[in-house]
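Position 10 of the sequence shown, counting from 1, maps to 9 under numbering that gives the first Met the number 0, and the rest follow consecutively.
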Amino acid sequence: MKNRSIKLCILILVAALAAPAAVFAAEEPAPAPNAAPAPSGQAAAASLAPSARSAILMDADSGTVIYEKNSHDKLPPASITKIMTLLLIMEALDDGKLKLTDKVQTSEYAASMGGSQIFLEPGEEMTVDEMIKGIALASGNDASVAMAEKLAGTEQQFVAMMNERAQQLGMKDTQFMNPNGLPVANHHSSAHDIAVMSRELLKHDEITKYTGLYQDYLRKTSEKPFWLVNTNKLVRFYSGADGLKTGFTSEAKYCLSATAKRDNMRVIAVVMGEPDTKTRNAEVSQMFDYSFAQYMNYPIIKEGDSMGTLKVEKGTTPELPLVAKHAYSVLLKKGSSTKDIRYELKIDGPLKAPVQIGQPVGKLVVYQGDQVLKEFDVDAPLSVDRAGWWKLLKRSFSGLFSS
């Protein structure tokens, strides 16, 4: 009996001594032999953006996330807010609601904006083209509000449009309170959502003609020409960088949504809460380097290719041609097999008017064999209003006689 008690004590002591080792092993497990790499290369990319409060790295064509860190944290986005402002401007241009040559008059309210500005005076007029430069290069808070008022009548109504578009894009971490990112309560976004709206903006190829400029002038022919220098220095110092938008407030710290393109592959890198511009630019450059070294794009549809026709019931236009406004491709690790990759276009049947520009109307599904590699939303290329009864009646009669 005595021997059994001694043996029992020894077993308990051994178990107690082993417990800390077991806990340590649980915190830092040894890698299994022949273990598969982490999804999206996360293991290899774990050291990216170490100083950022949150970050994300995304392939622009496919929307595939290559790396993310606290990417859904709701944070103040500062002037990166203006990406949504620019998106609504570009969509209005596509929809014919604006022209680059249209004049935009500055209200007293727009001229009163502080922070980054192009020093618009009340009553001063600039073209839409000049206002876009002022927003994209100089991060003009005054130009952002002037354009908001031009498009929506009031800043408040424009902010409602911003939030509606964010909802359409699935930006669940975002709420806008103004069009320029000046600090205000309840104005927040996330690295993920910023990447989503950046990707949408980049579908308008012409935007990089503005965001990729390093310098330009406003009021060229006036007595006081205004020199614009891009706040995003990567467009000058990183090969292939051509956008997109910087941001800084004392609360948000240094933020950047950047994009670069090499060998037909475009990536988006977003960092938020960086300590200074030097660190911000260095970490984004490293994110770009990683992407271009590790990944490649496999093209599916080229920009300008016909994708089919969208029928619209009771619309002012009965059908819309679907033409690829941007390239569709899938992201693959370099050296991956591209055998048996194909795609199918699945349209959600005839839509009923009204239809809004950018409204999802179907899917482009990419397969490799029987496996789905990627699904893309296909959007309405233009807005279509509901037709009046007289137009619908005439269309019905013409259909009868044409058959």
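Backbone N, C-alpha and C fix where the C-beta goes; we use that ideal spot for every residue, glycine too.
Option nearest residue i by Cα separation, candidates the options
{"i": "Leu119", "options": "Gly246, Cys254, Leu217, Leu309", "result": "Leu217"}
{"i": "Val234", "options": "Leu381, Gln174, Ser221, Gly211", "result": "Gly211"}
{"i": "Asn263", "options": "Gly239, Ser249, Lys244, Tyr366", "result": "Gly239"}
{"i": "Arg52", "options": "Gln214, Ser221, Leu255, Gly133", "result": "Leu255"}
{"i": "Lys252", "options": "Tyr237, Lys232, Thr258, Glu273", "result": "Glu273"}
{"i": "Ser138", "options": "Met125, Glu90, Asn231", "result": "Asn231"}
{"i": "Ser189", "options": "Ile356, Ile79, Ile88, Asp141", "result": "Ile79"}
{"i": "Asp378", "options": "Ser115, Ser221, Val322, Pro317", "result": "Val322"}
{"i": "Tyr213", "options": "Leu87, Val103, Lys132, Lys96", "result": "Lys132"}
{"i": "Val64", "options": "Glu222, Thr153, Leu330", "result": "Leu330"}
{"i": "Lys199", "options": "Tyr209, Gly169, Pro178", "result": "The displayed chain sequence assigns Glu, not Lys, to residue 199. Comparing Cα-Cα distances from Glu199 to each of Tyr209, Gly169, Pro178, the minimum goes to Gly169."}
{"i": "Leu136", "options": "Tyr209, Asp376, Gly368", "result": "Tyr209"}
{"i": "Ala109", "options": "Lys98, Glu154, Thr258, Met89", "result": "Glu154"}
{"i": "Phe291", "options": "Ile267, Trp389, Gly152", "result": "Ile267"}
Rounded Cβ spacing between residue i and residue j (contact assumed at less than 8 Å)
{"i": "Asn185", "j": "Met176", "result": "6 Å"}
{"i": "Ser70", "j": "His187", "result": "No, Ser70 and His187 are not in contact; Cβ-Cβ is about 14 Å, not under 8 Å."}
{"i": "Lys428", "j": "Gln293", "result": "Here the chain has residues from 0 to 402 only, and residue 428 is not among them."}
{"i": "Tyr327", "j": "Ile346", "result": "The pair is not a contact, with the Cβ atoms about 15 Å apart (cut-off 8 Å)."}
{"i": "Ile82", "j": "Lys244", "result": "5 Å"}
{"i": "Pro353", "j": "Val383", "result": "6 Å"}
{"i": "Gly307", "j": "Leu344", "result": "6 Å"}
{"i": "Ala194", "j": "Val269", "result": "5 Å"}
{"i": "Glu225", "j": "Ile134", "result": "According to the sequence shown, residue 225 is Phe rather than Glu. So it is not a contact: roughly 14 Å between Cβ atoms."}
{"i": "Thr84", "j": "Ala147", "result": "7 Å"}
{"i": "Glu205", "j": "Pro75", "result": "Not quite, the Cβ-Cβ distance comes to about 29 Å (not below 8 Å), so this is no contact."}
{"i": "Val103", "j": "Val127", "result": "6 Å"}
Buried or exposed (CB count within 10 angstroms, at least 16 for buried), residue i
{"i": "Gly242", "result": "buried"}
{"i": "Glu129", "result": "buried"}
{"i": "Asn33", "result": "With a pLDDT of only 26 at Asn33, under 50, the local geometry of the prediction cannot be trusted, and the value read off the model is given with reservation. Looking at its Cβ environment, which holds fewer than 16 other Cβ atoms inside 10 Å, Asn33 is exposed."}
{"i": "Val371", "result": "exposed"}
{"i": "Ala386", "result": "buried"}
{"i": "Arg279", "result": "buried"}
{"i": "Ala159", "result": "exposed"}
{"i": "Glu163", "result": "exposed"}
{"i": "Pro121", "result": "exposed"}
{"i": "Val183", "result": "exposed"}
{"i": "Arg341", "result": "exposed"}
{"i": "Lys373", "result": "buried"}
{"i": "Pro380", "result": "buried"}
{"i": "Leu181", "result": "buried"}
{"i": "Asp58", "result": "buried"}
{"i": "Pro178", "result": "buried"}
Extent of the continuous beta strand (DSSP E) run through residue i
{"i": "Gly272", "result": "264-273"}
{"i": "Arg218", "result": "First-last for Arg218: undefined, no H or E at that position."}
{"i": "Ser53", "result": "53-58"}
{"i": "Leu309", "result": "305-312"}
{"i": "Val195", "result": "Segment 190-200 is the alpha helix (DSSP H) holding Val195; no beta strand (DSSP E) there."}
{"i": "Lys171", "result": "Neither: Lys171 is in no beta strand (DSSP E) and is coded neither H nor E."}
{"i": "Lys68", "result": "64-68"}
{"i": "Glu374", "result": "370-378"}
Endpoints, the alpha helix (DSSP H) within which residue i is located
{"i": "Ile237", "result": "The sequence as given places Tyr at residue 237; Ile does not occur at that position. Unbroken run through Tyr237: none, as it is neither H nor E."}
{"i": "Lys102", "result": "Element bounds for Lys102: not the alpha helix (DSSP H) but the beta strand (DSSP E), 102-104."}
{"i": "Asn280", "result": "276-293"}
{"i": "Glu222", "result": "Counting along the chain, Glu222 falls outside any alpha helix (DSSP H), and DSSP gives it neither H nor E."}
{"i": "Gln166", "result": "154-167"}
{"i": "Lys149", "result": "140-151"}
{"i": "Met83", "result": "81-93"}
{"i": "Thr207", "result": "207-210"}
Beta bridge counterpart(s) of residue i as assigned by DSSP
{"i": "Gly246", "result": "Cys254"}
{"i": "Lys260", "result": "Arg265"}
{"i": "Glu124", "result": "Gln104"}
{"i": "Ile408", "result": "What is shown of the chain runs 0 to 402, which leaves residue 408 out entirely."}
{"i": "Lys332", "result": "Tyr294"}
{"i": "Leu321", "result": "Gly307"}
{"i": "His187", "result": "Gln174"}
{"i": "Lys345", "result": "Lys362"}
{"i": "Ile340", "result": "Gln367"}
{"i": "Leu74", "result": "Ser188"}
{"i": "Lys351", "result": "Glu312"}
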